[in-house]
Amino acid sequence: KNQVEQSPQSLIILEGKNCTLQCNYTVSPFSNLRWYKQDTGRGPVSLTIMTFSENTKSNGRYTATLDADTKQSSLHITASQLSDSASYICVVSVVEYGNKLVFGAGTILRVKS
Amino acid sequence: SQTIHQWPATLVQPVGSPLSLECTVEGTSNPNLYWYRQAAGRGLQLLFYSVGIGQISSEVPQNLSASRPQDRQFILSSKKLLLSDSGFYLCAWSQDRDSPLHFGNGTRLTVT
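As you go down the protein sequences, you meet chains A and B in turn.
If you want the numbering used here, it's the position in the first sequence, counting the first as 1, plus 303.
Mapping to the numbering used here: the second sequence position 22 is 15, numbers consecutive.
Below you can see the structure in the form of structure tokens.
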């Protein structure tokens, strides 16, 4: 079983709409949780990093939330744009493994006009 | 500003041939350097990381090796490629283990 599970696997939304991507993790304790955006054929780009004590972190139209009690994080995208089409990857830094990063498989988002 | 260069972008190699992928970082010193492999539908898998020149840690036993001959240069190699080595290889750097990773644009390797 994956230690970082993301849902949905893929999502299609209309331009201008909001969406929320989910990340559930089992690893504990962790030092930080990250969200990355990966365009097709490119390397991932960091969106947010949250420590275990933070509840929310924003980066423009992207807002990440963290509930350490339920071990869930979400990434909310507001007023989606065509350029938001990408894979969004949730990553947890595991203290037990020397802050090794455990990656989710990603959610593929497609924004259409 | 810092930049990371990774090449080539795509590579097609026959089984049994050698491999050398190169990654260089500019604009920072003594970075942590990483090689990841990304398989379709799966999370990135850490292959190697380095905290300094000549210091390489391997995460997964396999047909690959890594070297760091200079502070900002990281090389992924194989003496004889296997079909299973096909994949998308990503180089990354960070200032430390709690800082964001900065990825290169990856190399799509196809072993035929």
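Each residue gets a CB set at the ideal place from its N, CA and C atoms; glycine is no exception.
- Around the Cβ of A:P332, a 10 Å sphere holds fewer than 16 other Cβ atoms; the residue is exposed.
- The beta-carbon of B:R30 is placed no less than 8 Å from the nearest beta-carbon of chain A.
- For A:G407, the nearest CB of chain B lies under 8 Å from its own CB, placing it at the interface with that chain.
- For the stretch 46 to 101 of chain B, there is no continuous alpha helix (DSSP H) assignment of 4+ residues that stays within its boundaries.
- Residue contact check for A:I352 against chain B: a CB pair falls below 8 Å.
- A straight-line Cα-Cα distance of about 16 Å links A:V330 and A:S356.
- Residue range 389 to 397 is occupied by the beta strand (DSSP E) that includes A:V395.
- When secondary structure is reduced to three states using DSSP, A:S386 falls in the helix class.
- The Cβ-Cβ distance between B:L39 and B:Y27 falls below 8 Å.
- Counting along the chain, the unbroken beta strand (DSSP E) around A:F406 starts and ends at 403 to 406.
- Per the coordinates, the alpha-carbon of A:Q306 lies some 22 Å from the alpha-carbon of B:F81.
- Look at A:V414 here: in three-state DSSP terms it is strand.
- In this structure, the alpha-carbon of B:V8 lies about 44 Å from that of A:C322.
- Beyond the five residues adjoining it in sequence on each side, B:S58 comes within less than 6 Å, by CB distance, of S70 in the same chain, given in chain order.
- Runs of the beta strand (DSSP E) lying entirely within the stretch 333 to 366 of chain A, each at least 3 residues long, are 333 to 341, 348 to 354, 359 to 362 in chain order.
- Looking at A:A367, A:Y365, A:I411, A:V394, the one whose alpha-carbon comes closest to that of A:K403 is A:V394.
- Interface annotation for the stretch 330 to 346 of chain A against chain B: S334, N335, R337, Y339, Q341, G344, R345, G346, criterion Cβ-Cβ distance under 9 Å.
- Between A:H379 and B:A85, the alpha-carbon positions lie close to 26 Å from each other.
- If the five residues before and after A:L314 are omitted, its C-beta is found closer than 8 Å to the C-beta atoms of C322, L324, T410, I411, L412, R413, all from its own chain and listed in chain order.
- Listed along chain A is no residue with a C-beta nearer than 7 Å to that of B:G45; the closest approach is about 16 Å.
- Looking at A:N327, A:L317, A:G319, the one whose alpha-carbon comes closest to that of A:P311 is A:N327.
- Close partners of A:S349 in chain B (Cβ separation under 8 Å): P93, L94, H95.
- Taking C-alpha positions only, A:L350 is separated from B:E19 by approximately 22 Å.
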